[in-house]
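A.B. asks: First, the structure itself, so that you have it in front of you.
Residue numbers (the numbering used here): 898 to 1121.
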């Protein structure tokens, strides 16, 4: 007699700000789970996004993580042009499940980093805390940042890339942006790195804005 197949059960979903997140224990570890439950995951960046991003914006998000901000913009703000980049292949898979759980089908998601030229590189990501030893991710696609910006013409940049912002942003043409939301990592980049980020955004015509700036999350906007 044939053995009946064990049914594949759908993953359990937890809610945060009305969004659904599959409970994958490899990704939603205890600190993330508590943050999602309390609606405090990416709290400062989420509040900055809700205050500054508009439905007609074209958004490039670097370091999209679990897709929290991407899903928030797609569902709560109705942003149609979203381009998310992430170097962690595990999070790429997880984000796809988040988008499916929330009926989001219009995000362009890439397992890639931005840099000065097209190619590949070994990148480093920090698991769970900034104090943890970085993990190597080899052969990550690197996309020429300026060529990408010329093609997409983004109006908003959201950036959380673990300290790499200090080298990347000064090398980019940011003059087409209306707004940038950057999570700084001064304990990794030092004062010179923080200054380089501010100088790059100010040189692009963006001004530091107290609206949406809290702690390490800083918002820059072009004056209308």
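For every residue, glycine included, the Cβ atom is placed at its ideal position computed from N, Cα and C.
Which residue marks the beginning of the alpha helix (DSSP H) containing residue 1090, and which one marks its end?
C.D. replies: Segment 1083-1100, the alpha helix (DSSP H) holding residue 1090.
A.B. asks: Between residue 986 and residue 1003, is the Cβ-Cβ spacing less than 8 angstroms?
C.D. replies: No, Cβ-Cβ distance for residue 986 and residue 1003 is not below 8 angstroms.
A.B. asks: So the candidates are 1031, 1005, 1035, 1022; which of them puts its Cα closest to the Cα of residue 1016?
C.D. replies: Looking at the Cα atoms, 1035 is the closest of the given residues.
A.B. asks: Using only the alpha-carbon positions, how far apart do residue 1039 and residue 1010 sit?
C.D. replies: Roughly 5 angstroms separates the two Cα atoms.
A.B. asks: Looking only at its own chain, which residues have a Cβ that is under 7 angstroms from the Cβ of residue 999, when we skip the five neighbours before and after it?
C.D. replies: Only 916, 917, 968, 972 meet the Cβ criterion.
A.B. asks: Taking the alpha-carbon of residue 1114 as reference, which of 1120, 1104, 1082 has the nearest alpha-carbon?
C.D. replies: Among 1120, 1104, 1082, the Cα nearest to that of residue 1114 belongs to 1082.
A.B. asks: Helix, strand or coil for residue 1027, going by three-state DSSP, please let me know.
C.D. replies: Reliability fails at residue 1027, whose pLDDT of 48 lies under 50, so the model's placement of it is uncertain and the value that follows must be treated cautiously. Note: residue 1027 maps to coil in three-state DSSP.
A.B. asks: I believe residue 983 touches residue 961 by the beta-carbon criterion, under 8 angstroms. Please report the beta-carbon distance rounded to the nearest angstrom.
C.D. replies: Yes, they are in contact, since the Cβ atoms of residue 983 and residue 961 sit about 5 angstroms apart, within 8 angstroms.
A.B. asks: Look at residue 1077 and residue 1071 and say whether their C-beta atoms are less than 8 angstroms apart.
C.D. replies: Yes.
A.B. asks: Between the alpha carbons of residue 908 and residue 991, how many angstroms are there, rounded?
C.D. replies: Going from the Cα of residue 908 to the Cα of residue 991 covers about 12 angstroms.
A.B. asks: Would you grab the beta carbon distance between residue 1055 and residue 946 for me? Rounded to a whole angstrom, and I think it's under 8 angstroms.
C.D. replies: So it is a contact: roughly 7 angstroms between Cβ atoms.
A.B. asks: Excluding the 5 residues flanking residue 1112 on each side, which residues of the same chain have their C-beta closer than 7 angstroms to its C-beta?
C.D. replies: Answer for residue 1112: 941, listed in chain order.
A.B. asks: Would DSSP call residue 932 helix, strand or coil?
C.D. replies: Reduced to three states, the DSSP call for residue 932 is helix.
A.B. asks: Which residues mark the beginning and the end of the alpha helix (DSSP H) in which residue 949 is found?
C.D. replies: 940-949 is the extent of the alpha helix (DSSP H) around residue 949.
A.B. asks: Once DSSP output is grouped into helix, strand and coil, what is the label at residue 1069?
C.D. replies: Correct three-state label for residue 1069: coil.
A.B. asks: What's the call for residue 1109, buried or exposed, on a 16-neighbour Cβ count within 10 Å?
C.D. replies: Per the 10 Å Cβ criterion, buried.
A.B. asks: Taking the continuous alpha helix (DSSP H) assigned at residue 994, which residues delimit it?
C.D. replies: Looking at the DSSP string, the run of the alpha helix (DSSP H) that includes residue 994 is 986-998.
A.B. asks: Would you mind sorting residue 937 into buried or exposed? The rule is 16 or more other CB atoms within 10 Å of its CB.
C.D. replies: Exposed, by the Cβ-count rule.
A.B. asks: Please name the residue in 1049, 1031, 1063 whose C-alpha comes closest to that of residue 1074.
C.D. replies: For the residues 1049, 1031, 1063, the minimum Cα distance to residue 1074 belongs to 1049.
A.B. asks: Count the other C-beta atoms from every protein chain shown that fall within 10 angstroms of the C-beta of residue 1062, then say buried if there are 16 or more, exposed otherwise.
C.D. replies: So residue 1062 ends up on the buried side.
A.B. asks: Can you find a heavy atom of the ligand ZN that lies under 7 angstroms from the Cβ of residue 1018?
C.D. replies: Only the bare structure without any ligand can be found here, which leaves the ligand ZN out of the picture.
A.B. asks: Can you have a look at residue 965 and say buried or exposed, based on whether 16 or more other CB atoms are within 10 angstroms of its CB?
C.D. replies: That one is buried.
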